[in-house]
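Protein chains in written order, with the numbering used here: chain B, 7 to 349; chain Y, 7 to 349.
C-beta atoms are modelled at their ideal positions from N, C-alpha and C, and glycine is treated no differently.
Taking it in order: structure first as structure tokens, then the write-up.
Protein chains: 2
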Amino acid sequence: MQAIDWNNNVFSFLDQTLLPHEERFRDTTDYRVVAEAIRSLRVRGAPAIGIAAAYGAALSILSPALADTRDARHALDEALAVLAGTRPTAVNLFHALDRIRRSARNAASLQELRASVVAEAVAIHQEDIASCLAIAVNGAALLPDSCSVLTHCNAGALATGGVGTALGVIIEGYRQGKVRRVFADETRPLLQGSRLTAWELTRAGVPVALLTDSSAGSLLSRGAVQAVVVGADRIALNGDVANKVGTYPLAVLAHRHAVPFYVAAPRSTVDRSARSGNEIPIEERDPSEVLEVAGRRMAPEGVDVYAPAFDVTPNELITAIVTEQGVYRKPFRELAGSAPGGD
Amino acid sequence: MQAIDWNNNVFSFLDQTLLPHEERFRDTTDYRVVAEAIRSLRVRGAPAIGIAAAYGAALSILSPALADTRDARHALDEALAVLAGTRPTAVNLFHALDRIRRSARNAASLQELRASVVAEAVAIHQEDIASCLAIAVNGAALLPDSCSVLTHCNAGALATGGVGTALGVIIEGYRQGKVRRVFADETRPLLQGSRLTAWELTRAGVPVALLTDSSAGSLLSRGAVQAVVVGADRIALNGDVANKVGTYPLAVLAHRHAVPFYVAAPRSTVDRSARSGNEIPIEERDPSEVLEVAGRRMAPEGVDVYAPAFDVTPNELITAIVTEQGVYRKPFRELAGSAPGGD
């Protein structure tokens with residue numbers, strides 16, 4: 007299952023807002039369509055956002071209407087600015103756009119510029135595919151035998167260019183016979199758990215049970231879960247993790263019940279400029295996402311809304327951060343280096 | 007606002023499943039309609055369930071078709087059994103039915119039986135009205151000045167015969183100028199927070215902000231809340247509290263952030279036969295409540311569901327239990343007595 011793809015200078019993406027009812031792919035050569043897709047969560051998940059943005063930037067300089075390198079650089083700058091403004095928290099977005107910007111720097115001709123930028127976007131995608139596979143293997147090694155695993159939101163193939171991060175770990179664990187069952191938080195307000203994670207797991211043949219986000223406390227208190235595995239949208243240098251809102255309460259509950267709490271993410275999710283989670287900007291979503299459910303208004307008029315898209319889990323609650331380069335543990339000093347110290 | 011009422015041997019209730027879109031009252035003289043209303047959460051909230059069940063039992067012996075006391079006792083037994091089978095967790099239901107059963111014991115004539123049972127049902131209702139008022143005053147006294155309060159589900163007028171338990175405390179705190187703002191968890195799956203609590207608070211003129219249940223961790227970590235106040239469906243003798251699923255995670259988070267966690271409930275919510283929360287039966291709800299949102303299927307076929315209606319908050323996480331007789335604190339020894347020791 008590939009939710010994003012690039013063929014003959016055309017970007018394709020599965021519109022995730024239509025899942026699980028409809029599997030519709032869209033093709034585009036317009037970076038504005040890519041930006042809109044990211045903003046409206048048609049394409050979502052930190053790694054997938056980075057890849058899509060890179061392809062979007064590439065699209066901006068492929069138009070036959072561009073006369074010369076100067077034109078193309080202007081178009082690229084504009085696209086980079088628009089794409090950077092789509093969503094503020096997933097740092098993979100900014101890493102990818104930085105790489106595209108650097109790849110454009112030394113091109114001498116329009117042809118060279120195009121080739122260089124497209125190659126960089128493809129490289130970002132290919133690296134993510136490889137990262138996902140390595141994360142899956144590194145993470146599955148941590149899971150206990152015969153376990154039930156709880157996850158939140160969707161950190162699967164839909165959220166990446168490859169097999170996923172948290173869900174890659176879980177599905178690999180299932181293939182190895184370690185994971186018996188997955189519990190998936192439905193993940194209000196946009197129900198990525200019900201719509202996306204349950205869809206991916208049923209397609210992969212992995213037994214999955216859905217629960218409302220606030221039922222996780224009951225589940226953990228009954229001893230029904232032996233590991234929690236989630237993805238990340240941005241990781242600070244001290245190991246604090248920004249991820250879908252609701253991750254932090256899970257970490258607090260897992261800690262209370264002595265259940266290991268694993269974060270699975272590529273190195274590109276680490277923000278070297280953020281010393282702690284306090285420095286991670288948290289996106290606020292539109293109030294309508296809380297006030298409405300499946301398009302129907304549920305609350306009366308005159309109510310306010312608190313709708314952060316993400317929360318920050320402090321490093322002390324995280325058992326390990328699983329990356330393609332290995333497994334990091336407290337005090338997470340290796341996050342600042344280029345290679346981890348752990349296994 | 008009265009969500010349940012009794013006039014001239016007719017029971018009236020506001021159908022809460024239609025809120026906030028429609029305020030429709032239903033009148034009935036059939037206890038089976040009352041049982042169905044409780045089962046389908048048209049009437050809900052532990053105290054309101056107890057009162058409605060009492061009136062339902064009274065309806066069962068008011069039919070002109072009943073020939074004699076024996077007929078009426080038979081009808082009453084049947085009604086008590088049906089009403090007891092509606093929902094398993096709210097202990098107020100069983101307390102109320104026990105009181106009705108006892109009130110019927112010594113009646114010598116059909117007329118006396120009817121008068122005694124109706125009087126008992128009305129007394130249960132009137133006592134709840136008085137309890138709510140006392141709980142509101144006792145609880146408001148605990149709130150700090152100029153605070154924001156977080157609540158979960160609905161423990162308001164809609165959930166009781168009076169001004170509510172948790173929401174009674176909060177609204178009284180607002181009237182006293184102590185509460186500035188209320189944060190209300192939307193409370194999946196049935197959205198009692200969005201549909202009912204937000205509706206009650208806006209009608210009372212209290213500023214309210216809704217949030218998804220899993221955003222409470224973010225809210226508390228930002229220091230935006232100075233007290234959490236919730237209701238209870240059943241309280242064990244050791245102070246463990248069964249309440250709407252999602253209460254336990256809030257208590258864990260409040261504890262972590264040193265925010266006081268108050269439970270407001272009448273004494274009738276204490277189950278003298280349950281020594282701890284382990285002995286409280288937890289209702290499982292229908293999977294469709296999680297799989298569907300606003301009547302629309304959100305999850306793919308082939309997924310399982312974990313859908314407890316309630317969870318248990320251990321006594322150690324509870325700052326105080328506020329009742330009509332006073333405020334109880336750890337180790338909650340007064341729950342077993344007839345009067346509390348606290349202020």
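Closer than 7 angstroms at the beta carbon, the chain Y residues around Pro195(B): What you label residue 195(B) is simply residue 189 of the first sequence in a count that begins at 1. Near Pro195(B) (Cβ distances below 7 angstroms), the residues of chain Y are Thr218.
Meets three-Cβ-pair contact criterion under 8 angstroms: the segment 197-215 of chain B and the segment 84-94 of chain B: no
Cβ of Asp246(B) within 7 angstroms of any chain Y Cβ: Translated into the one-based positions of the first sequence, residue 246(B) becomes position 240. It does not: the Cβ of Asp246(B) has no partner Cβ on chain Y nearer than 7 angstroms.
9 angstroms Cβ cut-off: residues of chain B touching Met7(Y): Along the second sequence, read from residue 1 onward, the residue named residue 7(Y) stands at position 1. Correct list: empty, because the minimum Cβ distance to chain B is about 13 angstroms.
Limits of the beta strand (DSSP E) - the one that Asp191(Y) falls within: In the second sequence, the residue the question calls residue 191(Y) occupies position 185. Unbroken beta strand (DSSP E) run through Asp191(Y): Val185 to Asp191.
Three-state class that DSSP yields for Asp21(B) in the structure shown: Here residue 21(B) is taken as the residue at index 15 of the first sequence, counted from 1. Residue state, collapsed to three classes: coil.
Chain-ordered chain B contacts of Ala215(Y) [CB-CB under 9 angstroms]: The residue given as residue 215(Y) occupies position 209 in the second sequence. Val309, Asp310, Val311 and Tyr312, listed in chain order.
Cross-chain neighbours of Thr208(B) in chain Y, by beta carbon under 8 angstroms: Along the first sequence, read from residue 1 onward, the residue named residue 208(B) stands at position 202. Those within 8 angstroms of Thr208(B) in chain Y are Pro306, Glu307, Gly308 and Val309.
Members of the segment 89-111 of chain Y that neighbour chain B once the beta carbon cut-off is set at 8 angstroms: none
Whether Gly237(Y) touches Ala271(Y) by CB criterion (7 angstroms): Looking up residue 237(Y) in the second sequence gives position 231. Looking up residue 271(Y) in the second sequence gives position 265. Yes.
Nearest neighbour of Ala59(Y), chosen from Phe17(Y), Lys184(Y), Phe316(Y) and Ala215(Y) [CA to CA]: As a position in the second sequence, residue 59(Y) is number 53, starting the count at 1. With distances taken between Cα atoms, Ala59(Y) lies closest to Phe17(Y).
Chain B contact for Gly162(Y) (CB, 7 angstroms cutoff): In the second sequence, counting from the first residue as 1, residue 162(Y) sits at position 156. Chain B contact via Cβ: absent.
Validate contact between the segment 170-188 of chain B and the segment 277-288 of chain B using beta carbons, cut 8 angstroms, 3 pairs: no
Chain-ordered chain B contacts of Leu297(Y) [CB-CB under 8 angstroms]: Counting from 1 along the second sequence, the entry for residue 297(Y) is found at position 291. Neighbours of Leu297(Y) on chain B, chain order: Ser200 and Leu216.
Contact set between the segment 20-47 of chain B and chain Y, restricted to residues whose Cβ is under 9 angstroms from the partner: Leu25, Pro26 and His27
Three-state secondary structure assigned by DSSP to Thr253(Y): In the second sequence, counting from the first residue as 1, residue 253(Y) sits at position 247. Helix.
Inter-residue spacing [alpha-carbon to alpha-carbon] between Leu341(B) and Thr35(B): Position 335 of the first sequence, counted from the first residue, corresponds to residue 341(B). Position 29 of the first sequence, counted from the first residue, corresponds to residue 35(B). Cα-Cα distance, rounded: 36 angstroms.
Straight-line Cα distance separating Val175(B) from Ala85(Y): If you number the second sequence from 1, residue 85(Y) lands on position 79. If you number the first sequence from 1, residue 175(B) lands on position 169. Distance between the alpha carbons of Ala85(Y) and Val175(B) is about 53 angstroms.
C-beta neighbour in chain Y for Arg278(B), strict 7 angstroms: Position 272 of the first sequence, counting from 1, holds the residue named residue 278(B). False, the Cβ-Cβ gap to chain Y never drops below 7 angstroms.
Local conformation of Phe295(B) per DSSP, three classes: Locating residue 295(B) in the first sequence gives position 289, counting from the first residue. It is Glu, not Phe, that sits at residue 295(B) in the sequence shown. Residue state, collapsed to three classes: helix.
Residue-level contact to chain Y via CB, Tyr254(B), 7 angstroms cutoff: Working through the first sequence from its first residue, we reach residue 254(B) at position 248. Answer yes: the Cβ-Cβ gap between Tyr254(B) and chain Y drops below 7 angstroms somewhere.
Residues that Arg302(Y) bridges to, as DSSP identifies them: Within the second sequence, numbered from 1, the residue matching residue 302(Y) stands at position 296. Beta-bridge pairing links Arg302(Y) to Val299(Y).
Where Glu29(Y) falls, given that 16 or more other Cβ within 10 Å makes a residue buried: Here residue 29(Y) refers to the residue found at position 23 when the second sequence is read from its first residue. With fewer than 16 other Cβ atoms within 10 Å, it is exposed.
Under 7 angstroms between C-beta atoms of Asp21(Y) and Arg32(Y): Within the second sequence, the letter at position 15 stands for residue 21(Y). Within the second sequence, the letter at position 26 stands for residue 32(Y). Yes, the pair counts as a contact, with Cβ atoms nearer than the cut-off.
Interface residues of chain B facing Arg262(Y) [CB-CB closer than 8 angstroms]: In the second sequence, the residue the question calls residue 262(Y) occupies position 256. Here the neighbours are Val258.
Within the segment 139-209 of chain B, ranges of the beta strand (DSSP E) (whole runs, at least 3 residues): 153-157 and 185-191
Beta-carbon proximity check, Tyr268(Y) vs Val328(Y), cutoff 7 angstroms: Along the second sequence, read from residue 1 onward, the residue named residue 268(Y) stands at position 262. Along the second sequence, read from residue 1 onward, the residue named residue 328(Y) stands at position 322. Yes; because the gap between Cβ atoms is below 7 angstroms, this pair is in contact.
Cα-Cα separation, Ala78(Y) to Ala230(Y): Against the second sequence, residue 78(Y) aligns to sequence position 72. Against the second sequence, residue 230(Y) aligns to sequence position 224. The straight-line gap from Cα to Cα measures roughly 56 angstroms.
Residue span of the beta strand (DSSP E) that contains Ile10(Y), given as start and end: Here residue 10(Y) refers to the residue found at position 4 of the second sequence. Looking at the DSSP string, the run of the beta strand (DSSP E) that includes Ile10(Y) is Ile10 to Asn13.
Three or more C-beta pairs below 8 angstroms linking the segment 254-263 of chain B and the segment 321-339 of chain B: yes
Residue-chain proximity (Ser294(Y), chain B), Cβ-Cβ < 7 angstroms: Position 288 of the second sequence, counted from the first residue, corresponds to residue 294(Y). Closer than 7 angstroms: no.
Residue closest to Tyr180(B), alpha-carbon to alpha-carbon, out of Ala163(B), Pro150(B) and Arg194(B): Against the first sequence, residue 180(B) aligns to sequence position 174. Measuring from the Cα of Tyr180(B), the nearest candidate turns out to be Pro150(B).
Cβ contact (3+ pairs, closer than 8 angstroms) linking the segment 117-133 of chain B and the segment 142-157 of chain B: no
Beta-bridge pairing of Ala326(B) - partner residues as DSSP gives them: Numbered from 1 along the first sequence, position 320 holds the residue referred to as residue 326(B). Ala326(B) pairs with Tyr268(B).
Segment limits, beta strand (DSSP E) that includes Arg32(Y): Taking the first residue of the second sequence as position 1, residue 32(Y) is located at position 26. Residues Phe31 to Thr34.
Interface residues of chain Y facing Ser18(B) [CB-CB closer than 8 angstroms]: To locate residue 18(B), count along the first sequence from 1; it is residue 12. Within 8 angstroms Cβ-Cβ: nothing; Ser18(B) doesn't reach chain Y, min ~22 angstroms.
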